[in-house]
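One structure is given below, encoded as structure tokens.
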Amino acid sequence: MQTLERSFYFSLKDYLKERYGKRVQKITVALPFTCPNIDGTKAVGGCTYCFSGTRPAHLEPHVPLRQQIEEGIKRAKERYGRNILFFVYYQSYSNTYGEKDYLKSIYDTALEFDEVVGIDVGTRPDCAPEWVLDLLESYILKGLEVWVEYGLQSANFRTLRFINRAHGISDFVDAVLRTKRRNLKVCAHIILGLPFEDQEDMLETGKLLASLPIDGVKIHPLHIIKNTKMAEQYLRGEFGVLSLEEYAKRAVDVIEILPPHVVIHRLTGEVEPERLIAPEYCTYAKKQEVINAIIEELKRRNTHQGAKIPFNR
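Everything in the sequence shown is counted per my numbering, starting at 19 for the first residue and increasing by one.
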């Protein structure tokens, strides 16, 4: 049965159901990684919006990886039943920023579970040397689907500098093209509503993604988390955040120009209420409200994913 979302955009849920014929759940794991803009290799302090505080107990890096996966599988089966498959999602920080033997060991762990059909590796575009991509590609031959998630956030170099990304747009483009020379799938992360960006800036970020051979995208509204550099700037009144109505409009601007085959992994971001400063809709409880607002905007415009692709592909 086609979901409501499938009428307007190609969601990750629909992609996985079409590919595997059953529910596929991501198991998020945490490992003791860092980033080159945290450890001083390229910068210090990390991205200004990044929060590095406490996590749920099962997502603490000191918990053995195998245990994190086992507990994730157990929780999902209790909630959704036993007829379910899994991806292991290496999420926090840059999960390719390490020694080869260590990276191989953590990716190999996913192979120990028969229900795991894929891995999803979050990283930065400047943390994808050829040997890392070769290693990731090797897991395809071992039967896994492999996604690499690259944070772009914005196609405006001034914005990237302001938020201390410490990489350029060319780094992102290069990483995408090199990754796609293999059979790896690429998911790009962008944030809408970044400081001092207007509608045209956000649209240009979407156009860059539409011009590249990406397979998926995560679209997030800017949200301000306590105890971050960006929180200090926001509380001083240096910039604001998008209202839900504004965010829905900007998200639809991007959805319209994405090719229909691009899988939309996310359309919002969620934070525990006690950690969130703004906007109030970026909580787990309001996730569906955000998605509904985007669908209503798609309906209002009588539009859908790919309706305004800006390039001949």
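Idealized CB from N, CA, C, for every residue including glycine.
- When DSSP states are grouped into helix, strand and coil, residue 286 belongs to the coil group.
- Rounded to the nearest whole angstrom, the C-alpha separation of residue 146 and residue 262 is 35 Å.
- Residue 62 has 57 as its beta-bridge partners, per DSSP.
- Counting C-beta atoms within 10 angstroms of its own C-beta, residue 269 has 16 or more neighbours from the protein chains shown and is therefore classed as buried.
- Closest by C-alpha distance to residue 190, out of 44, 37 and 206, is 206.
- Rounded to the nearest whole angstrom, the CA to CA distance from residue 227 to residue 97 is 35 Å.
- In the assembly as shown, residue 48 is a buried residue. Its beta-carbon has 16 or more other beta-carbons within 10 Å.
- Here the C-alpha atom of residue 65 lies approximately 37 Å from the C-alpha atom of residue 40.
- For the pair residue 112 and residue 53, the CB atoms are nearer than the 7 Å cut-off.
- Taking the CA atoms as reference points, residue 248 sits about 19 Å from residue 57.
- Counting only runs of 3+ residues, the beta strand (DSSP E) found wholly inside the segment 222 to 308 occupies 234 to 239, 281 to 284 and 294 to 296, in chain order.
- With a threshold of 16 other beta carbon atoms within 10 Å, residue 159 falls short and is exposed.
- Counting along the chain, the unbroken beta strand (DSSP E) around residue 170 starts and ends at 163 to 171.
- Residue 179 has its alpha-carbon roughly 38 Å from the corresponding atom of residue 134.
- Contact between the segment 170 to 188 and the segment 148 to 159 is not established, with fewer than three Cβ pairs separated by less than 8 Å.
- Looking at the backbone, the Cα of residue 235 and that of residue 255 are separated by about 30 Å.
- Take residue 177, set aside five residues on each side of it, and the residues of its chain with a beta-carbon closer than 8 Å to its own are 171, 212, 213, 214, 215 and 219, in chain order.
- The Cβ-Cβ distance between residue 107 and residue 44 falls below 7 Å.
- The beta carbon of residue 24 lies closer than 7 Å to those of 32 in the same chain, with the five residues before and after it left out.
- Taking a C-beta distance under 7 Å as the contact criterion, residue 127 and residue 150 do not qualify as a contact pair.
- For the options 84, 80, 167 and 282, the alpha carbon positioned closest to that of residue 123 is the one of 84.
- Selection 245, 276 and 238 evaluated against residue 260 yields 238 as nearest (Cα-Cα).
- If the five residues before and after residue 202 are omitted, its C-beta is found closer than 8 Å to the C-beta atoms of 151, 154, 155, 158, 164, 165 and 166, all from its own chain and listed in chain order.
- Counting only runs of 3+ residues, the beta strand (DSSP E) found wholly inside the segment 24 to 58 occupies 41 to 47, in chain order.
- If you compare the alpha carbons of 168, 210 and 105 with that of residue 38, the shortest gap goes to 105.
- Distance between residue 307 and residue 299, taken at the CA atoms: about 8 Å.
- If you look at residue 108, you'll find it in the beta strand (DSSP E) that goes 102 to 108.
- Burial check for residue 278: the Cβ neighbour count within 10 Å stays below 16, so the residue is exposed.
- The DSSP assignment places complete alpha helix (DSSP H) segments of no fewer than 4 residues inside the segment 115 to 151 at 118 to 128, in order along the chain.
- One alpha carbon belongs to residue 266, the other to residue 288, and they sit about 15 Å apart.
- Per the DSSP secondary-structure output, residue 204 pairs in a beta bridge with 166.
- Distance check between residue 131 and each of 199, 117 and 90 places 90 closest, using alpha-carbon atoms only.
- Residue pairing of residue 209 in beta bridges, as defined by DSSP: 238.
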